[in-house]
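Enquirer:
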Amino acid sequence: MRIALAGFGVVGQALAKSIADGRARLRTEYGLDPRLVAVRDSRSLASATGGLDAEALIQTKKTTNAVGSPLRPGFDPISWAQTVAADVYIDTSPTDLRNPRPATAGLLAALGSGKHAITVNKAPLAVAMPALLENARYNGRMIRFSGTVGAGTPVLATATTIARGDTITGVEAILNGTTNYILWLMATSGATFDSALAEAQRLGYAETDPGNDVDGFDTAMKLVILANHAMGLATSVDRVSITGIRAVSPDEIAAASAAGEAVKLIGSITASGALSVAPRRVPAASALNVPRNLNAVRFTLASGGEPTLVGRGAGGPETATAIVRDLIEIHTAGLARGSTC
Ligand SMILES: NC(=O)c1ccc[n+]([C@@H]2O[C@H](COP(=O)([O-])OP(=O)(O)OC[C@H]3O[C@@H](n4cnc5c(N)ncnc54)[C@H](OP(=O)(O)O)[C@@H]3O)[C@@H](O)[C@H]2O)c1
Numbered sequence: 084m085r086i087a088l089a090g091f092g093v094v095g096q097a098l099a100k101s102i103a104d105g106r107a108r109l110r111t112e113y114g115l116d117p118r119l120v121a122v123r124d125s126r127s128l129a130s131a132t133g134g135l136d137a138e139a140l141i142q143t144k145k146t147t148n149a150v151g152s153p154l155r156p157g158f159d160p161i162s163w164a165q166t167v168a169a170d171v172y173i174d175t176s177p178t179d180l181r182n183p184r185p186a187t188a189g190l191l192a193a194l195g196s197g198k199h200a201i202t203v204n205k206a207p208l209a210v211a212m213p214a215l216l217e218n219a220r221y222n223g224r225m226i227r228f229s230g231t232v233g234a235g236t237p238v239l240a241t242a243t244t245i246a247r248g249d250t251i252t253g254v255e256a257i258l259n260g261t262t263n264y265i266l267w268l269m270a271t272s273g274a275t276f277d278s279a280l281a282e283a284q285r286l287g288y289a290e291t292d293p294g295n296d297v298d299g300f301d302t303a304m305k306l307v308i309l310a311n312h313a314m315g316l317a318t319s320v321d322r323v324s325i326t327g328i329r330a331v332s333p334d335e336i337a338a339a340s341a342a343g344e345a346v347k348l349i350g351s352i353t354a355s356g357a358l359s360v361a362p363r364r365v366p367a368a369s370a371l372n373v374p375r376n377l378n379a380v381r382f383t384l385a386s387g388g389e390p391t392l393v394g395r396g397a398g399g400p401e402t403a404t405a406i407v408r409d410l411i412e413i414h415t416a417g418l419a420r421g422s423t424c
């Protein structure tokens, strides 16, 4: 299976390592032989039809801050996604909700040229998931995105499994570890929002520009992906009511605590298909009251109760395992169709 990879940061490098380390197991257990044949970052490109060496790529990136040769002037990432000779195109480039078009166009170009696609970049799905799914179907290709929600915690796979024998009628979820850490620290130490955010940044949980997390957009994007995938809602991020956590005060958190409750940033999908992200109180004993930077997803089922999945929602190696799961799924589906990819 020839792989073209766009993005070689935390997740891209973890994926290269995971493929290299897991090579023998992937071959023995699944007959899968993934080869990185083209890898690019924002300014450079490496390619080799026989496959690139992961360790060498990571070392080159570390020492030169480039994965390969500089992109030639006029390089067009969309036509690259279309013409690169590969079976699967993987997008691990930054999520940019303000400008999702280039990444979306890259995925469409890859699908249109007969490649399967995997993305951990949430923005294309947040704005155009129904169109991307339809495009994949039209082209007879697969698009997979396991790592976009929950990173390595199999939120979407769990939703698929439980929806087989039941109906998911609602979801309440903590989908952003950074905001959960900030609210948890405020509750356990009495910290203000600003000092808890500074601590989250010091620990590397929050970006220098934390807006995507604390203003609720990251949760909203994941909620949209979950709503499309788990409940068949053809929806997008502009339909989500979003309130972040900047205005949550230590007094509010203390009042919740005195009442036996905790304030959490909850993404919710109702049975009628309404999507919202907002700080809400949950009982301290609730399965959603998870500490530190954990994620939690509670599904409401028509007959099967309210199963809750808890796990880490970020991390390079964790997200890479989700991409490997997607690769195995694409390979296995291909075998079932008689293809050798
Ligand atoms: N990290 C996580 O825990 C996690 C979990 C789930 C999902 N994700 C998603 O995975 C993606 C990657 O995250 P990350 O943590 O690996 O980010 P990162 O460390 O910032 O790496 C991003 C990589 O993409 C490259 N890049 C920038 N613009 C590009 C473009 N237009 N085309 C192709 N490559 C481009 C960057 O190039 P340079 O190296 O040249 O700057 C860098 O190599 C994001 O969409 C993120 O939301 C991350």
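Here the sequence shown is numbered in our numbering, starting from 84 and rising by one per residue.
Using N, Cα and C, we set each Cβ at its ideal position, and we do this for glycine too.
Quantities reported herein were computed from a predicted structural model and do not represent experimental measurements.
If you scan the segment 225 to 283 from start to end, which runs of the beta strand (DSSP E) of 3 or more residues do you find wholly inside it?
Expert: You should have 251 to 257.
Enquirer: Using CA coordinates, which residue listed in ARG375, ALA214, LEU154, ILE251 is at the minimum distance from THR318?
Expert: Checked all of ARG375, ALA214, LEU154, ILE251; the closest Cα to THR318 is ALA214.
Enquirer: Exposed or buried, ASN263, counting other C-beta atoms within 10 Å across all chains shown (16 or more means buried)?
Expert: With 16 or more other Cβ atoms within 10 Å, it is buried.
Enquirer: Please classify GLN142 as buried or exposed, where buried requires at least 16 neighbouring CB atoms within 10 angstroms.
Expert: Exposed is the call here.
Enquirer: Measure the beta-carbon distance from THR175 to VAL94 and round it to whole angstroms, keeping in mind my assumption that it falls under 8 Å.
Expert: Yes, THR175 and VAL94 are in contact; Cβ-Cβ is about 4 Å, under 8 Å.
Enquirer: Hey, quick one: how far does the alpha helix (DSSP H) through ILE308 stretch, first residue to last?
Expert: Here the alpha helix (DSSP H) through ILE308 covers 300 to 314.
Enquirer: Grab me the residues of GLY399's own chain with a C-beta within less than 6 Å of its C-beta, minus the 5 sequence neighbours each way, in chain order.
Expert: Excluding sequence neighbours, GLY399 sits near VAL93, VAL94, ALA97.
Enquirer: Answer yes or no: do GLY273 and VAL360 have a C-beta to C-beta separation smaller than 9 Å?
Expert: Not closer than 9 Å, so no.
Enquirer: Going by alpha carbons, who is nearest to THR243 out of MET314, GLY327, GLU255, ASP136?
Expert: When only C-alpha atoms are compared, the closest one is MET314.
Enquirer: I need the straight-line Cα distance from LEU306 to ALA137, nearest angstrom please.
Expert: If you take the alpha carbons of LEU306 and ALA137, they lie about 33 Å apart.
Enquirer: Can you tell me whether TYR172 is buried or exposed? The criterion is at least 16 other CB atoms within 10 Å of its CB, across all chains shown.
Expert: Burial call: buried.
Enquirer: According to DSSP, is ASP430 helix, strand or coil?
Expert: There is simply no residue 430 to check, as the chain begins at 84 and stops at 424 in what is shown.
Enquirer: Considering only DSSP beta bridges, list what TYR172 is partnered with.
Expert: TYR172 pairs with ALA87, ALA200.
Enquirer: Please list, in chain order, all residues of the same chain as ALA385 whose beta carbon is under 7 Å from its beta carbon, the five residues on each side excluded.
Expert: Closer than 7 Å at Cβ, skipping near neighbours: ASP249, THR250, THR252.
Enquirer: What is the rounded straight-line gap between the Cα of GLY230 and the Cα of ALA99?
Expert: Between GLY230 and ALA99, the C-alpha separation is close to 15 Å.
Enquirer: Thinking C-beta only, is LEU109 closer than 9 Å to SER122?
Expert: The sequence given here places Val at residue 122; Ser does not occur at that position. For VAL122 and LEU109, no; Cβs fall outside 9 Å.
Enquirer: On the DSSP bridge assignment, give the partners of GLU344 in chain order.
Expert: Paired residue(s): PRO366.
Enquirer: Do the segment 218 to 233 and the segment 319 to 331 touch if we need at least three Cβ pairs shorter than 8 Å?
Expert: Output reads no: the segment 319 to 331 does not touch the segment 218 to 233.
Enquirer: Could you check which residue in SER422, ALA419, ILE411, ILE325 has the C-alpha nearest to that of TYR113?
Expert: Checked all of SER422, ALA419, ILE411, ILE325; the closest Cα to TYR113 is ILE411.
Enquirer: So for SER162, helix, strand or coil by DSSP?
Expert: The answer is helix: DSSP assigns SER162 an H, G or I state.
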